[in-house]
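In terms of the working numbering, the sequence shown is residues 4 to 339.
Backbone N, C-alpha and C fix where the C-beta goes; we use that ideal spot for every residue, glycine too.
Just so it is clear, the structure is predicted and the values come from calculations on it, not from any experiment.
Worksheet: one structure, shown below.
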Amino acid sequence: MNGFTLSHNENGAFDCDSDGDAKIEAAYLPGIVTLDGKADDWDDDNIMGYTFPLLPALSPNDHENRYKDGQMTLKALHDGHSVFFLLQVPGDYRYVQGESRSCPAVALMFQVGKDATYHDMGGCKEEPGSCSNTSCRGYEVDIMHFKIGTAIPGRLYGANIIDNINHTGRDTFGHLVDMYAWNPHCRYLDGLGPEGTGNVNNSVAQNDWQGAWWHNSIVNSSGLLESASPYSSSTSGGTYTFEFSRPLRTLDRLQQDVQFVIGEVHKFSAAFWYPINGNPWIGSGHYSVNCDWVTLEITPAEKEGHRLFSTKLLNPLNVISLILSLAAFGVSLFIA
């Protein structure tokens, strides 16, 4: 909890020059993405990419201290059941097994309550001793946080039977956790919360996220084991890739998960931590794609440009196959 809490301790007024037009479109494209941390299957022309400068989260107008190695590329799509996200950030390879702050980390945050703000992680004014699902109702945000220090590249982390059977958003194996918050000081794993709020041991809570990471300096095509750590050279340049997925709808009953709806827009943001010059990052040192919410639209299949049948029926091979099938059917009827 300390990493996020520290990341939002600040002094003075928050100065935000927001990119109000920032928007991500998650197109309906089933059967395209394999969740392995690699970006090759996201090169489809129908998947739009969006780039954002990574600015200091607490001082977004301080462009001098932006992330120097490049911008974050964001992509999203859905298959009617789950939503998928791709995050790519250029940077030299940094990985120290078991030391999360010496490795990059990423987070996604979504508005759940209608009054929840990007700034102050929901914006509820209550203190840790008084925040609850009653006193902070309407200020809920949903958070996915992935620290890769114990995660093998290309392997899947997040939702797992051991943690989900205990009804929490924990990830014992790779720290890809599912959380909710009302403000930076009132942040909890799904299924847990302050005593007496009714949020403890929620019987339907679980980690609904899964994800993987990769860096294109890693050379391996058959699968890595922990014994291969650190997996690549620390001097290697390249790009980090993070892939995530989650069902559009979850079993949540306590406003701890965002519930995605096809055809509607949602509000979210993305953050990135990186060990600059090899120094472990601190919570307040993270970068964000914007100083306010970014719009995420879950587009329906029938939206122009994403029709279910448009690319398949117009494919010449599919047309030829259809003609041959009809001809064979006609011959069989004639013989009969």
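Contact defined as beta carbons within less than 8 Å: I believe I146 pairs with M182. What is the distance between those atoms, to the nearest angstrom?
4 Å
Output the boundary residues of the beta strand (DSSP E) element that contains I301.
297 to 301
Which residue from Q258, F176, Y191, Y290 puts its Cα closest to that of K71?
Y290
Once the 5 residues before and after Y98 are set aside, which same chain residues still bring their CB inside 6 Å of it?
Scanning its chain for C-beta atoms nearer than 6 Å, with the 5 sequence neighbours on each side dropped, one finds around Y98 the residues C106, P233, in chain order.
When burial is assigned at 16 or more other CB atoms within 10 Å of the CB, is G116 buried or exposed?
buried
Is the CB-CB distance between Y160 and L179 below 7 Å?
yes
Since N167 is in the alpha helix (DSSP H), which residue starts that stretch and which ends it?
164 to 167
Counting pairs of Cβ atoms below 8 Å between the stretch 128 to 141 and the stretch 86 to 98, do you hit three or more?
no
Would DSSP call S248 helix, strand or coil?
strand
Which ranges would you report for the beta strand (DSSP E) in the stretch 81 to 107 if only whole runs of at least 3 residues count?
Complete beta strand (DSSP E) runs here, min 3: 85 to 93.
Pull the bridge partners of S272 from the DSSP assignment, please.
Answer is M112.
Within the same chain, show all residues whose beta-carbon is closer than 6 Å to that of Q259, passing over the 5 residues directly before and after it, in chain order.
Y183, D193
Along the chain, where does the beta strand (DSSP E) containing T54 start, and where does it finish?
53 to 55
Is there contact between the stretch 291 to 303 and the stretch 112 to 126, where contact requires at least three CB pairs shorter than 8 Å?
yes
Helix, strand or coil, according to DSSP, for T171 in the structure here?
coil
Taking 8 Å as the cut-off, does the stretch 206 to 214 touch the stretch 49 to 59 (at least 3 CB pairs, one atom from each stretch)?
no
Residues in the same chain with beta-carbon distance under 7 Å from W284, minus the five sequence neighbours each way, listed in chain order, please.
These residues qualify, in order along the chain: R104, W276, Y277, P278.
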